[in-house]
Every structure is written in C-alpha cells, then in structure tokens.
Amino acid sequence: MPITPTQVVLVVAVLVALGFVWYTGGRGRWRSLVADRFVYGVPWGTAVTVAIVVAFYVLVQSNVRHVSDPVTLPFVTWSYFYPTGLLTAGIAHGSPGHIASNMAGTLAFAPIAEYAWGHYPPSTRSRGVHGTGADGTRAEGWLARPWVRAVVVFPAALLAAAFLTAVFGLGPGLGFSGAVFAIAGFAVVTYPISTVVAIVAASALQTLYLALSQPIVRETIEPGTPAPPAWAGIGFQAHLLGFLLGVVVGAVLLGHRGRRPAAERVFFAALLLGLVQSLWLLVSSGDDVYTLYRGAGVVLVIGLTLLLTVAIAGRARPLPRPLSVLPRAPTRRRLAIGWLAVLTIGVIAGIVAGVVRDDVPLAPAVGASLVAAVVLALPALPPIVPDRIYAGPVTRRGAAFALLVGLTVLVALPSVPFNLLVVGSDAVPGSGGVAVGGYTVTYEENATPGQTPIVAPDDVDDDEELLDVQQSGLFVVNDNREIWTVGERAAVIAHEGTASVELGGIGWRETVHAERTGWDVVGNDSAYVVDLTHDGETTRSFASDPVRAAATIDGHAIDVAPTDDAFLLRVTSDGDLVGETEIPAVNGTATVGDVQFATERPETDDGDGSGGDDTAGNDTDGDAADERVRVFASIDDTEVLIAERETYAD
C-alpha cells in the first residue's frame, strides 16, 4: 500500500507532539519518575511482550507478505486434544485491526503493571542500591536480577496469562485480549488512578492506528453483508477470566508487600474499567438470534467491583462468629466440619444419581459436582487447616479474597467439558470436498457439526444429540487438528457470491476460493451451485436440489436443475418428464417439446438490451440492468418468466 501525504503529515504531527511534551516537561523529570522501577527508565518487559506477539503475527501467521490476511485456523483453541492451538491461540490474531486493538491495550496497561512489579526487588529499591541484598552484597537468586525480572519474568507472566485465558476460554478462541484484561485487572488494583488514565490512552492509541492505516474513509449507502452483531464474536468469558486472574495476582502482590490502596480509588477505577472496556458483555445465541444482557452485565460489574474493593482495600477486621446469637453457638471448626460433611454427602448423592439414571452422563455429572463442592468448601478451609498454614481469624478482606478466588474458578472450569472435543475421520459433510494439506474444504447445507464431546450420553438418538445444530456454509475440516468449523456462512456467500478461506500451518499457507452461481426461480427459492478453486483446479462442491417455478405454461411445469456441469431446464406435464435442456446462452434459444426457452437481458433505454455506453464514454443507466439475465418460456403467443440469474454485491 503506497504511503499517502496524510499519513506522512500524521506521523510528523505525532512526533512533534511527543517531542514537545518531552522537552517542555523536562527529560530528567520523565526519567526520574520511573528510574527506580525500570532499568534505564524503559519498560522492557512490555516491549519484549509486544515484540513477541507482533513477530508471531507477522512472521508465522502472515509470512511477512500477507499481513492483511493472516492464517488463523491452525492457531485456534479447537480442542484440548490439539496442543498447537492451546499454545498459540493466546498470541495469534485474526486481522491487523485485531492485533492493533490488543497491542494498544497492552501498551497502555502493561507499563503500569510492570511498574508495580518493578525491575528491582522492593528491598533494594528502599535502599537505593539496585541488585544488592540487605547486607550490601549482590543479591542472590534469579528474581533479584533486574534484567531477569524485566525481560524474562514479566513477559513470562503476561504470556502465561494469555495461555490460561486461551486454555480455559469458552469455545474456540484467538487473541491476546484475555491477557490484556489480566494486565488491566492487575494494574487497576495496584495503581487505580494511573489505570484510569491508561483507559483513555488505549482508546487514543487505537484512534491513532485507524488514522494511520485508514486516513480517508469513504462509504456509500448500500445494504451490508449479513453478519452477526460485532459484540456476538467477543470472548466475554475469557475477558472476565483474565480480569479476575489479574485482580487475584495483584491482591497477592499487594498483600506480600504490605500495601493497601484507597478503597474509593480502587472502586471507581475498577468500575470505570469494567464499564468502558465492556466487561459487562453477557451474550447468548441460537438459531442466528443473538441476545445481549446489558442490564444484567452492568449489575455483574458493579457486584464484582464491590467484591474486589473489599478484597483489595477492605479492613482486616475478623468476620463475626456464625450463629453467635444462639445460647450455645458451635465453634467455627465444628461448623466447618459439618459443612464439609454436607458437601461430601451431596457429591456422593450426585454420583449415585448419575449411576442410577441412564439419561444423565456420569462423567459430566461427577465433574460438575466436584467443582461445585470444591468452590463451596473454600469458606470452610481456614478453621480446619493446621496453624502453621493459617493461624489467624478469617477477616473481611480474606473472606472477600476467597470469594474472588472461588469466582475465578467458577468462571474458568465450565469451559473444560466444552473443549473436550474430537473430530472423526468421517466428519466431512457432503461429497464435494477439496483436500489441501490435511484440510478438507467443502460447501454444504444443513450439516450437523462434526465436533463431538468425548463424554456424552450413550442412549441419546442422533436426532437429539448435544450440539446438534444444523449449519450451512463453507466448511473446513481437519481431523488431525480437531478442526470442524464454518469458514464462511452461507448467507454471506449468497450475498457476496464469492468467499476465500486461508489454510496452512507453521511455514506454509494455501488459499481455497469458493464461487456461487445461481438462478432465482420465480415464486420459489434459488437453484445454485458452489465451485471451489485451488491451485488452478475447480471442483463443483455443491449443487442444490431442482427448484420448480411457480408459473406454469399450458399445463407444463418447469424446474431449474443444477448439475455437475450445467443448469438444466426440466419440463414435466401431468407428472411425466417431457424433456430437459441446458439454459441457453444470452440471446440464445432452446426447445423442449412444445416449450421454447429464451435467455435475454432486460431492454435498456436504447432499446437493444445491450446496456451499452453513452457517447461520452460513461456507463449508461442500462449498465445496471446489463448484469441481469432472464429465462423465459413460451408456447405460441404465451410467455412466462421462469428465472433470473443471481447477482451479487460488488
């Protein structure tokens, strides 16, 4: 893409603005703000992390030459049985805009988190001697070495957050956004006010990226491509999980260092972060209907903000003794033992119910019971653990922190059964697939998903299987990678006429193109075919069933029938086949029995149906009509319209 004058001016303007702030604010002042936390005043860990993510996108996904159209399929978390996806999904991205958005958030929030962590251990910072121990000698241990803390530990923590949010994300996931929310959660509890500023900075960075990549945008008034709302494709569960992980780690760090930020700052900063960064997204979908529970999501954000505020900045006052109003109140230890006994009985009852009832899958029932029991058992652990582990009373802050940990577990674990999926060797829908490097690409209507859970009820009929949702479109299947997905929806291909899917892996990529051709049959659906092209070879992947026109002529019914190499006009009379012929070329004719068929373009203003050009060399109004092609059937002086060739968006 050539560089435009607007882009040059924009870059110069940004550099001038940065230089102005740098010099008017004083170079020494800027460095003094971070010199005791960063080696040479630079957030090296943030820079290393951004470099790793961008390098993976440019070198591995895009092979340098295809930055605007990266390969994504092999890097998605399709299943727990596909380790490549688990390892790469957290740092892979689907488009330049996707990675730019996540890197803007990283550049805004990560320096705050890195500042809270620090390149120098806290004990050495307090003495003003970096890298030394309490006795003045060089500190020992890897965590005491500034460069290790800067370029190893901090980037590793961010990449670990990306990995965890990918592994425990609900369904297939892609992107660094889970880690961005973890960074933001860590930052908001350690430096609340700075994080509020970072929220604005992240938005500003995204605006700068858009201004640089698309300095001029022109749009026209036209119907758009059928697509779900933008919020329907956001991994809200992974975002919430990342945020909770960041808050929990931040709480541990603050407790270890004996810091407690002001409660009002934590509350308002966390609330603003949750509302502005759309942490309130709660979405459900089914049958192409998407529901956004915005009100419930905002309530969730407010409740979560209250909980984390108490866990971070709450007072360390002991909780009141349970049932203290009773004359002979039981001790905390007895209550804890009793509660654990109740939970144990509940788990055993759940297992027995799963064994007795054939309609309940045993493994999921046991797993759900154990997860619920573990989470509910957390409040009972402090009174019964040995004193060497926890000897003090349960405080309000500690109880809130325990609830926060339990909530994190509850958000993470439900994803496990949904990611225990496998793809069978016979999962390719239809019979017109194109095989490329272990992938199979095919087009099909009303196909049943080929990904199946490894644990499912044995007595469920095929018509009642879990996840039995009919889907239509361009499918991509790879049983070695546990991939079974819709590369492009049927509605999009019907609107655009074409689609492409990028296949590949580490070090290679291939493209398969799909093209739809069809006829809108009068009074009925379209008869159409979809052809797939790869490496110069075209395969007819799909042909719809014959479609009958609503109009009849002299008792003759006419079907438009797609075949492997043509569209046929099939004539029947009183249920008997009269004959069939290919749809004639434009301005051509064909005859079946008494029925004559003619293919024509609608007449234009100059009356010749050619849709020619005007004398000035501009397209005439007939040019739009020139794309339309119609098939007529006639007997004697009676003529009826049978079908019109499909047209697609430019």
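Counting from 138, one number per residue, gives the positions in the sequence shown under the working numbering.
We put the CB at the ideal spot given by N, CA and C, even for glycine.
Next on the checklist: Given this structure, state the Cα-to-Cα distance separating Val-426 from Ala-192, to the nearest angstrom.
Outcome noted: The residue given as residue 426 occupies position 289 in the sequence shown. The residue given as residue 192 occupies position 55 in the sequence shown. Each residue's Cα considered, the two are about 37 Å apart.
Next on the checklist: I believe Arg-168 touches Gly-182 by the beta-carbon criterion, under 8 Å. Please report the beta-carbon distance rounded to the nearest angstrom.
Outcome noted: As a position in the sequence shown, residue 168 is number 31, starting the count at 1. As a position in the sequence shown, residue 182 is number 45, starting the count at 1. About 18 Å; that fails the 8 Å criterion.
Checklist entry - Does DSSP put Leu-557 in a helix, a strand or coil? => result For the purposes of this step, residue 557 is taken as the residue at position 420 of the sequence shown. Reduced to three states, the DSSP call for Leu-557 is coil.
Checklist entry - Which class does Pro-139 belong to by DSSP, given the choice of helix, strand or coil? => result The residue you call residue 139 lines up with position 2 of the sequence shown. The answer is coil: DSSP assigns Pro-139 none of H, G, I, E or B.
Checklist entry - What span of residues does the alpha helix (DSSP H) with Val-304 cover, start to end? => result As a position in the sequence shown, residue 304 is number 167, starting the count at 1. Run containing Val-304: 291–304, per the alpha helix (DSSP H) assignment.
Item to check | Gly-475: CB within 8 Å of a non-hydrogen atom of the ligand ZN | outcome: You won't find the ligand ZN in this model; it holds no ligand whatsoever.
Checklist entry - Touch check for the segment 318–333 and the segment 406–418: three-plus C-beta pairs under 8 Å? => result yes
Checklist entry - From Trp-476 to Ile-485, what does the alpha carbon distance come to, in whole angstroms? => result Here residue 476 refers to the residue found at position 339 when the sequence shown is read from its first residue. Here residue 485 refers to the residue found at position 348 when the sequence shown is read from its first residue. Cα to Cα, the separation comes out at about 14 Å.
Checklist entry - From which residue to which residue does the alpha helix (DSSP H) around Ala-250 run? => result For the purposes of this step, residue 250 is taken as the residue at position 113 of the sequence shown. Run containing Ala-250: 233–254, per the alpha helix (DSSP H) assignment.
Checklist entry - According to the Cβ coordinates, are Val-578 and Val-614 closer than 9 Å? => result Numbered from its first residue, the sequence shown carries residue 578 at position 441. Numbered from its first residue, the sequence shown carries residue 614 at position 477. In this structure, Val-614 lies closer than 9 Å to Val-578 by Cβ.
Checklist entry - Is Gln-351 buried or exposed, if buried means 16 or more other CB atoms sit within 10 Å of its CB? => result Numbered from 1 along the sequence shown, position 214 holds the residue referred to as residue 351. Counting Cβ neighbours within 10 Å, Gln-351 comes out exposed, since fewer than 16 surround it.
Next on the checklist: Using a Cβ distance threshold of 8 Å, determine whether the segment 579–588 contacts the segment 535–546, with at least three qualifying pairs required.
Outcome noted: no
Item to check | Simplified DSSP state of Trp-621, which is helix, strand or coil | outcome: Indexing the sequence shown from 1 puts residue 621 at position 484. Strand, per DSSP.
Next on the checklist: Less than 9 Å between the beta carbons of Phe-405 and Leu-443, yes or no?
Outcome noted: On the sequence shown, position 268 is the one that residue 405 refers to. On the sequence shown, position 306 is the one that residue 443 refers to. Their beta carbons are not under 9 Å apart, which means Phe-405 does not touch Leu-443 by this criterion.
Checklist entry - Using DSSP with H/G/I as helix, E/B as strand and the rest coil, what is Phe-769? => result Working through the sequence shown from its first residue, we reach residue 769 at position 632. Three-state result, Phe-769: strand.
Next on the checklist: Can you tell me whether Gly-487 is helix, strand or coil according to DSSP?
Outcome noted: Working through the sequence shown from its first residue, we reach residue 487 at position 350. Helix.
Item to check | Sheet register partners of Ile-695 (DSSP bridge) | outcome: As a working note, residue 695 is residue 558 in the sequence shown. Note: Ile-695 sits in a beta bridge opposite Val-708.
Checklist entry - Are Ala-448 and Phe-538 close, meaning C-beta to C-beta below 9 Å? => result Along the sequence shown, one-based indexing puts residue 448 at 311. Along the sequence shown, one-based indexing puts residue 538 at 401. Yes, Cβ-Cβ distance for Ala-448 and Phe-538 is below 9 Å.
Checklist entry - Going by other Cβ atoms of all chains shown within 10 Å of its Cβ, with 16 needed for buried, is Val-213 buried or exposed? => result Position 76 of the sequence shown, counted from the first residue, corresponds to residue 213. Its Cβ being crowded by 16 or more others within 10 Å, Val-213 is buried.
Item to check | Beta-ladder partner(s) of His-230, from DSSP | outcome: What you label residue 230 is simply residue 93 of the sequence shown in a count that begins at 1. None; His-230 has no bridge partner.
Checklist entry - Quick one: what does DSSP say Tyr-219 is sitting in, helix, strand or coil? => result Here the question's residue 219 lines up with position 82 in the sequence shown. Three-state result, Tyr-219: coil.
Item to check | Among Asp-702, Arg-618, Phe-769 and Ser-506, nearest to Thr-221 - alpha-carbon criterion | outcome: Position 84 of the sequence shown, counting from 1, holds the residue named residue 221. The candidate whose alpha carbon is nearest that of Thr-221 is Arg-618.
Item to check | Selection from Leu-669, Ala-686 and Leu-280 that minimises the alpha carbon distance to Ser-663 | outcome: The sequence position of residue 663 within the sequence shown is 526, counting from 1. If we check each option's Cα against that of Ser-663, Ala-686 comes out closest.
Checklist entry - Per DSSP, what kind of secondary structure is Val-649 in: helix, strand or coil? => result The count along the sequence shown starts at 1 and reaches residue 649 at position 512. In this structure, Val-649 counts as strand in the three-state DSSP scheme.
Next on the checklist: Does Tyr-219 pass the burial test, meaning 16 or more other C-beta atoms within 10 Å, or should it be called exposed?
Outcome noted: Mapped onto the sequence shown, residue 219 falls at position 82. Buried.
Checklist entry - Using 8 Å as the Cβ pair cut-off and three pairs as the minimum, do the segment 235–253 and the segment 330–345 touch? => result yes
Checklist entry - Shortest alpha-carbon distance to Gly-574 belongs to which of Gly-641, Glu-581 and Leu-347? => result Taking the first residue of the sequence shown as position 1, residue 574 is located at position 437. Closest by alpha carbon: Gly-641.
Item to check | Residue range of the unbroken alpha helix (DSSP H) whose run includes Pro-519 | outcome: Translated into positions along the sequence shown, residue 519 becomes position 382. Looking at the DSSP string, the run of the alpha helix (DSSP H) that includes Pro-519 is 518–521.
Item to check | Straight-line gap, His-91 to Ala-388 (C-alpha atoms, nearest Å) | outcome: With the chain covering only 138 through 787, there is no way to say anything about residue 91.
Item to check | Three-way DSSP call (helix, strand, coil) for Arg-677 in this model | outcome: Taking the first residue of the sequence shown as 1, we reach residue 677 at position 540. Strand at Arg-677.
Next on the checklist: Between which two residues does the alpha helix (DSSP H) holding Val-606 run?
Outcome noted: Taking the sequence shown and counting its residues from 1, one reaches residue 606 at position 469. Here Val-606 belongs to no alpha helix (DSSP H), and DSSP marks it neither H nor E.
Item to check | Boundaries of the alpha helix (DSSP H) in which Arg-394 is found, first to last residue | outcome: For this step, residue 394 is matched to residue 257 along the sequence shown. Looking at the DSSP string, the run of the alpha helix (DSSP H) that includes Arg-394 is 373–394.
Item to check | Where Phe-734 falls: helix, strand or coil (DSSP) | outcome: To locate residue 734, count along the sequence shown from 1; it is residue 597. Strand, per DSSP.
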